[in-house]
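Only one structure is covered here, and it is reproduced in the block below.
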Amino acid sequence: MGTVVHESLSSSFPDAWEHDFPLSEIGGSGVPAAVISCIGRDQASAEAAFTQRLSALKSPEVREFAGLFDGMLPCSVMVQGEKCWLVLKRVENQLASTQFGNAIMVPALSQCLVWSPDLAGDFAHASYMLEFFDQFGGLTLLVPPSGYCAACNDKPFVMRSKAFPGLGEWDGSLAFFYPGDGDVMLARPDGSTGVWQHEFSADYDESECTGPLGLLAKAIQSFLPSPPDPASRPPDCVARCDKNILVEVREAIKWAMNRA
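Each number in the working numbering comes from the position in the sequence shown (counting from 1) with 11 added on.
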């Protein structure tokens with residue numbers, strides 16, 4: 012109980028500080044005052060605030076995704092730099108140490124992301140995608156959080172073939188979830204879903220990999236297998252999925268937690 016420091020294994024991410032309820036520390040590595048004012052200091056108020064947040068979801072697709080949290084309760088708050096997550100666990104795991112497989116961390120506060128006019132227009136008919144990023148962008152299973160591994164993208168990011176070869180007709184799609192194996196789960200404005208498969212694309216142009224997503228491309232190179240023979244490669248590196256992106260992400264998270 013109290014505060015636990017989760018040491019980061021990457022120089023790209025600081026250590027994370029996990030604060031159990033009731034919350035007392037504010038500022039520094041403690042829980043920001045803005046978070047405490049929204050979720051309260053104890054577990055009961057945090058549970059009530061999270062339940063209210065879920066009840067306010069507008070899109071049926073996002074409400075269906077939120078079924079992922081059935082049977083889970085807030086047990087602590089994770090702080091890493093300027094980011095903050097609510098740590099959710101099942102009742103039987105409430106007193107267990109937070110680790111991969113027994114917790115889902117969602118952004119402690121909902122976001123209000125600014126979408127570019129072009130993106131907002133492209134995805135206007137799929138508003139559930141926009142709501143998902145506002146509510147659950149940045150969701151992660153990793154302890155401590157470390158970015159593009161078993162994590163949802165924390166903001167809209169358009170995938171481009173120059174940095175991620177093999178996108179084919181999926182060039183311009185949005186990255187949604189990084190399962191942790193080097194792949195990227197994608198969605199297009201028409202609602203179709205796919206998985207960009209890293210094993211079919213081993214020749215990144217690092218000069219095109221700028222910004223945070225450049226870290227993903229560079230990190231993937233460290234564990235990519237030898238590229239398949241060109242004759243055996245598919246026309247593109249994206250495997251089509253049958254379900255909408257949020258169902259696919261939910262199932263991927265369940266699979267990862269059950270596998271841990």
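For each residue, glycine too, the CB sits at the ideal point set by N, CA and C.
8 Å Cβ cutoff met for residue i and residue j
i: V117; j: L150; result: yes
i: A57; j: L65; result: no
i: P167; j: L130; result: yes
i: S121; j: H30; result: no
i: F24; j: S138; result: no
i: A267; j: A161; result: yes
i: L84; j: V73; result: no
i: V154; j: T109; result: yes
i: C163; j: F134; result: no
i: V206; j: C252; result: yes
Residue burial classification, residue i (beta-carbon count within 10 angstroms, cutoff 16)
i: G132; result: exposed
i: E262; result: exposed
i: R199; result: buried
i: E4; result: There is no way to answer for residue 4, as the model of the chain reaches only from 12 to 271.
i: V125; result: exposed
i: G13; result: exposed
i: C95; result: buried
i: V16; result: exposed
i: E18; result: exposed
i: C248; result: buried
i: G193; result: buried
i: K69; result: exposed
i: L20; result: exposed
i: G112; result: exposed
i: K254; result: exposed
i: D165; result: buried
i: T204; result: buried
Residue i Cβ short of 7 Å to the ligand SAH heavy atom set
i: S138; result: Only the bare structure without any ligand can be found here, which leaves the ligand SAH out of the picture.
Rounded Cβ spacing between residue i and residue j (contact assumed at less than 8 Å)
i: L152; j: I264; result: 7 Å
Quick one: any contact between the stretch 100 to 117 and the stretch 175 to 186, if contact means 3 or more CB pairs under 8 Å? no
For the stretch 29 to 40 and the stretch 161 to 180, state whether three or more C-beta atom pairs, one from each stretch, are separated by less than 8 Å. no
As an exercise, report each continuous alpha helix (DSSP H) stretch of at least 4 residues that is fully enclosed by the stretch 108 to 141, in chain order. 128 to 133
Along the chain, which unbroken stretches of the beta strand (DSSP E) at least 3 residues long are found entirely within the stretch 139 to 209? 185 to 189, 195 to 198 and 204 to 207
Any alpha helix (DSSP H) of 4 or more consecutive residues that is wholly inside the stretch 15 to 82: 44 to 50, 54 to 66 and 71 to 76
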